[in-house]
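Let me begin by presenting the structure, written as structure tokens, before commenting on it.
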């Protein structure tokens, strides 16, 4: 899975590497025996520039998964099953401070569960088992626990245990089982200087970001393939597929934005960051200073990664919208071409009809005084052809003017029409219209009383009544 760390602290120095190993054992323990670590990979991925605040950027590692162990029936991955929602109970799996699983899908009465964990009834809306998607959230309750609701993960994090709530959706159960397996492995690693609640929260964020990254990669591949095919040929089935995929991409973009906003709200609120440093009630002191630097660095890292997903999804949506606009332009052009072809056929039909009008009159069984003429037939034929050609030519000229008018007239023109370019009749019409409007314009001159009122208004001598 890909991790992105952008730690805003100080320029890179030698002692920062030891700080990273102590503060982020989940990273160092996963990569210290890898080929990248032996070849100095982390040093190659560390970037710094003078007094810049970013000294680690885009560190990526691939964590291998033991699939033989996952396929074991005794692992938590195979023990997590979808449950039936119940209004009286909540079902969750509990991990202790050492990463061991103490209970699997254990049911608790809701009221007893709220009293044991010092929660409010409204908090159950965020963590209750249901198939309805709830807005993502990360909330803190009295320095006692952290309520996490991100995508398929609903959990309560305490200073010494984690409770992951079960789901009623079969498709989500496999993802939840894989997350629990990963959580068990991560919590069993050496903790170092990182607090237990931070490690659990980081594991949740890793799972969420991995899920978002996989879904974004799938959307990018499918939508990119459809867009490349539409560049070659506009097909109805491809457009329908693009519409369906764009709706799914829009839903993904909305979820990623909501998760990014949750992380941003936490980073902007120092009080919530301080409360997320959970302390045992027996050792809690109100005057004890709390260091939430590691937590801020973790949230900042995954905020940047989530923001990158949002930007990539937004860019893909912009490409789809641009493609749709181009396709609409192409379809409009094709539709206009068909309409133009239809008009041309209509014009030719009109010319042919007008050309046959005179022969129709000539063929009537009435005396027309040219039956005996040797030039009558050819005169009618020539006159009919000339008549049809004139009507067709006139119609095509009108059609050409309409086409030019549609392309050139984008708005009202402010330029005056030269009188020299107008015909005599048009000039007479224009002058008569101008004289008519000027005759109708009558100026209103104020009376003496109105002059006095205006004068008082100007000088403010008396109020106007």
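Numbering (our numbering), first residue to last: 152 to 616.
No residue lacks a Cβ here, since even glycine has one placed at the ideal position from N, Cα and C.
Only a predicted model underlies this, so the values are computations on that prediction, with no experimental measurement involved.
- Query: For residue 606, which residues of its own chain have a beta-carbon under 6 Å away from its beta-carbon, when the five flanking residues on both sides are left out?
  - Reply: none
- Per DSSP, what kind of secondary structure is residue 235 in: helix, strand or coil? coil
- Opening and closing residue of the alpha helix (DSSP H) in which residue 261 lies: 261 to 267
- Task: Could you tell me which residues DSSP puts in a beta bridge with residue 240?
- Result: 260
- Query: Roughly how many angstroms lie between the CA atoms of residue 402 and residue 261, to the nearest whole one?
  - Reply: 32 Å
- Item | When 289, 318 and 407 are compared against residue 353, the one with the closest alpha-carbon | 289
- Skipping 5 residues on each side, what residues in its chain have a beta carbon closer than 7 Å to that of residue 392? 377
- Message: Assess contact between the region 362 to 375 and the region 450 to 468, defined as three or more Cβ pairs (one per stretch) separated by less than 8 Å. Is contact present?
- Response: yes
- Using only alpha-carbon positions, find the residue among 235, 533 and 330 that is nearest to residue 315. 330
- If you pair each beta-carbon of the region 303 to 313 with each one of the region 322 to 341, do three or more pairs fall below 8 Å? yes
- Could you name the residues of the same chain whose beta carbon sits closer than 6 Å to that of residue 527, not counting the 5 residues immediately before and after it, in chain order? 521
- Query: Taking Cβ positions, are residue 491 and residue 542 nearer each other than 8 Å?
  - Reply: no
- Task: Using the DSSP secondary-structure output, state which residues sit across from residue 313 in a beta bridge.
- Result: 246 and 308
- Query: Taking the C-alpha atoms as reference points, what is the distance between residue 265 and residue 406?
  - Reply: 28 Å
- Query: Would you say the region 340 to 357 touches the region 444 to 459, given that touching needs at least three Cβ pairs under 8 Å?
  - Reply: yes
- Query: residue 301 by DSSP, collapsed to three states: which one?
  - Reply: strand
- Message: Between the alpha carbons of residue 254 and residue 244, how many angstroms are there, rounded?
- Response: 5 Å
- Where residue 432 and residue 250 are concerned, what is the direct C-alpha to C-alpha distance, given to the nearest angstrom? The predicted position of residue 432 is uncertain, since its pLDDT is 46 and thus under 50; a value taken from the coordinates is nonetheless stated next. About 21 Å.
- Query: At which residues does the alpha helix (DSSP H) containing residue 406 begin and terminate?
  - Reply: 387 to 419
- Which residues bound the alpha helix (DSSP H) around residue 481? 444 to 506
- Would the beta-carbon of residue 453 fall within 8 Å of that of residue 356? yes
- Message: Whole angstroms are fine: how far does the CA of residue 481 sit from the CA of residue 383?
- Response: 13 Å
- Query: Per DSSP, residue 323 forms a beta bridge with which residues?
  - Reply: Paired residues: none, contrary to the question.
- Item | Residues of its chain near residue 471, where Cβ-Cβ distance is below 6 Å and the 5 sequence neighbours each way are ignored | 397
- Beta-ladder partner(s) of residue 291, from DSSP: 297
- Task: Tell me where the alpha helix (DSSP H) around residue 359 begins and ends.
- Result: 347 to 383
- Task: Provide the residue span of the alpha helix (DSSP H) that contains residue 277, from first to last.
- Result: 275 to 278
- Message: Among the candidates 271, 545, 509 and 550, whose CA atom is the shortest distance from the CA of residue 532?
- Response: 509
- Whole-number beta carbon distance between residue 309 and residue 429, since they are thought to touch under 8 Å: 6 Å
- Simplified DSSP state of residue 286, which is helix, strand or coil: coil
- Message: For residue 385, tell me which candidate among 475, 514 and 237 has the shortest Cα-Cα distance.
- Response: 475
- Between residue 362 and chain B, is there a C-beta pair that is closer than 8 Å? Of the protein chains in this structure there is only one, and it is not chain B.
- Do residue 272 and residue 413 have their C-beta atoms within less than 8 Å of each other? no
- Message: Only counting the same chain, and skipping five residues up and downstream in sequence, which positions put a Cβ closer than 7 Å to that of residue 173?
- Response: Note that residue 173 scores 42 on pLDDT, short of 50, meaning its location in the model is unreliable; the coordinates nonetheless yield the value given after this. Excluding residues within five positions, the ones whose Cβ falls inside 7 Å are 343 and 344.
- Message: Run through the DSSP bridge pairs and tell me what residue 254 is partnered with.
- Response: 245
- Among 258, 277 and 292, which residue has its Cα nearest to the Cα of residue 269? 292
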